[in-house]
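Q: Residue numbers (this note's numbering): 2 to 326. For glycine and all other residues, C-beta sits at the position ideal for the given N, C-alpha and C. Fair warning: this is a prediction, and the values are worked out from it, not measured in the lab.
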């Protein structure tokens, strides 16, 4: 039976507001450089006041949503679910999601939509002032089993594996997927989340997950090993393990065999969306019936292209660019 969606993603929607600043500006706002700085609503309003006269780029954010945007740009069919509020940002978030070719399954709840103000310094590093709002309000009751069943893959991230309510929702979604023969993909996404929940995450990967994504820091937090050994340990937790090693490319283990996927040349200006776009390329390839090596190359190529522009969403046609891979 053909499926309606290639990938159904569940995430934590955040409106991304990108601004170029200097290090002194970060100090002025007491923002720790290179980190997610959680702020309350009042402090967010203060940040808005400080950046009001600066050039701003507003985009729909979230790791899962970025991956779904990449899949849609590559020519796949991606759906996205998560919670937004009842404000103007909620309307804008859904509008941008739909305009990027993603099938919106967004849930609107009372409250403020989450916002991440990304402050980019001249060294291309991003520092965040993040107000979560209702981004972490996704309950298992909001899940649509019929939508999940109608997908080739279900994709989540480590950001859903710490908060108790999100964790309950994520496990319910994975159970639903597995019961219907839908493959499960997880990008572990954050070394801190892994460090605090290592045993739980390893158990979850082993029980439910078909493909896992991690970078070097995340794989170290998960396995305690360097990449050449970590890829084997990750391969014991999931049918397919993808370990991203920056500009060097990636290591992918499938069926006991490790594939070294080369990186593609790039002139990076903003590396934030690289991992999300890599996952998009790999998942797109697999849903189109390509083998893991070609899928990995599509992932590497897509990641190389996204780091050459500001923002985590493609503003070019990857579907055309990958034709010669």
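Buried or exposed for residue 210, going by 16 or more other Cβ atoms inside 10 Å?
A: Residue 210 sits at position 209 when you count from the first residue of the chain shown. It is buried - the Cβ of residue 210 has at least 16 other Cβ atoms within 10 Å.
Q: Using the DSSP secondary-structure output, state which residues sit across from residue 115 in a beta bridge.
A: Within the chain shown, the letter at position 114 stands for residue 115. Looking at the DSSP assignment, residue 115 forms a beta bridge with 15.
Q: Please report the residue range of the beta strand (DSSP E) in which residue 253 lies.
A: Looking up residue 253 in the chain shown gives position 252. That run of the beta strand (DSSP E) goes 250 to 255.
Q: Looking at the unbroken beta strand (DSSP E) that takes in residue 262, where does it start and where does it end?
A: Position 261 of the chain shown, counting from 1, holds the residue named residue 262. Taken as a continuous stretch (DSSP letters only), the beta strand (DSSP E) holding residue 262 covers 258 to 263.
Q: Return the CA-CA distance between residue 133 and residue 309, expressed in angstroms with no decimal places.
A: By 1-based counting over the chain shown, the position of residue 133 is 132. By 1-based counting over the chain shown, the position of residue 309 is 308. So the two alpha carbons sit approximately 28 Å from each other.
Q: Nearest to residue 65 by alpha carbon, out of 41, 39, 29, 107?
A: Taking the first residue of the chain shown as position 1, residue 65 is located at position 64. Cα-wise, what sits closest to residue 65 is 107.
Q: What does the alpha-carbon distance come out to for the pair residue 54 and residue 256?
A: On the chain shown, position 53 is the one that residue 54 refers to. On the chain shown, position 255 is the one that residue 256 refers to. Answer to the nearest angstrom: the Cα atoms are 54 Å apart.
Q: State the Cα-Cα distance for the pair residue 292 and residue 27, rounded to the nearest angstrom.
A: Position 291 of the chain shown, counted from the first residue, corresponds to residue 292. Position 26 of the chain shown, counted from the first residue, corresponds to residue 27. If you take the alpha carbons of residue 292 and residue 27, they lie about 45 Å apart.
Q: Between the alpha carbons of residue 316 and residue 77, how many angstroms are there, rounded?
A: Position 315 of the chain shown, counted from the start, is the residue given in the question as residue 316. Position 76 of the chain shown, counted from the start, is the residue given in the question as residue 77. Cα to Cα, residue 316 sits roughly 16 Å from residue 77.
Q: When you compare only the Cα positions, how much space is there between residue 120 and residue 44?
A: Your numbering for residue 120 matches position 119 in the chain shown. Your numbering for residue 44 matches position 43 in the chain shown. So the alpha carbons of these two residues sit roughly 15 Å apart.
Q: Under 9 Å, do residue 306 and residue 284 count as touching if we go by C-beta distance?
A: Stepping through the chain shown from its first residue, residue 306 is reached at position 305. Stepping through the chain shown from its first residue, residue 284 is reached at position 283. Not a contact, by the Cβ cut-off of 9 Å.
Q: For residue 292, which of helix, strand or coil comes out of DSSP?
A: Residue 292 sits at position 291 when you count from the first residue of the chain shown. Note: residue 292 maps to coil in three-state DSSP.
Q: Could you name the residues of the same chain whose beta carbon sits closer than 6 Å to that of residue 74, not counting the 5 residues immediately before and after it, in chain order?
A: Counting from one through the chain shown, the residue named residue 74 turns up at place 73. Closer than 6 Å at the Cβ level, and outside the excluded window around residue 74, lie 315, 319.
Q: Is residue 32 close to chain C? Criterion is C-beta to C-beta, closer than 9 Å.
A: Reference to chain C is not applicable here, since this structure consists of a single protein chain.
Q: Pairs of beta-carbons, one from the region 94 to 101 and one from the region 218 to 226, closer than 8 Å: are there three or more?
A: Judged by Cβ distances under 8 Å, the region 94 to 101 makes no contact with the region 218 to 226, as fewer than three pairs qualify.
Q: What do you get for residue 142, buried or exposed, if any count of 16 or more other CB atoms within 10 angstroms of its CB means buried?
A: Here residue 142 refers to the residue found at position 141 of the chain shown. It is exposed - the Cβ of residue 142 has fewer than 16 other Cβ atoms within 10 Å.
Q: In whole angstroms, what is the alpha-carbon distance linking residue 10 and residue 46?
A: Locating residue 10 in the chain shown gives position 9, counting from the first residue. Locating residue 46 in the chain shown gives position 45, counting from the first residue. Using only the alpha carbons, I get a separation of about 30 Å.
Q: Note the first and the last residue of the continuous beta strand (DSSP E) segment covering residue 82.
A: Here residue 82 is taken as the residue at index 81 of the chain shown, counted from 1. Residue 82 -> beta strand (DSSP E) spans 79 to 82.
Q: Helix, strand or coil for residue 103 per DSSP?
A: The residue labelled residue 103 in the question sits at position 102 within the chain shown. Residue 103: coil per DSSP, three-state reduction.
Q: For residue 68, is the classification buried or exposed, using 16 other Cβ atoms within 10 angstroms of its Cβ as the cut-off for buried?
A: On the chain shown, position 67 is the one that residue 68 refers to. Buried.
Q: Unbroken alpha helix (DSSP H) runs of length 4 or more, entirely within the region 201 to 233: which are they?
A: Runs of the alpha helix (DSSP H) inside the region 201 to 233: 217 to 224.
Q: Output needed for residue 234: all residues of its chain with C-beta closer than 7 Å, excluding positions within five of it in sequence on either side, in chain order.
A: Indexing the chain shown from 1 puts residue 234 at position 233. 224, 226.
Q: What would DSSP say about residue 188, mapped onto helix, strand or coil?
A: Working through the chain shown from its first residue, we reach residue 188 at position 187. Of the three classes helix, strand and coil, the one that applies to residue 188 here is strand, per DSSP.
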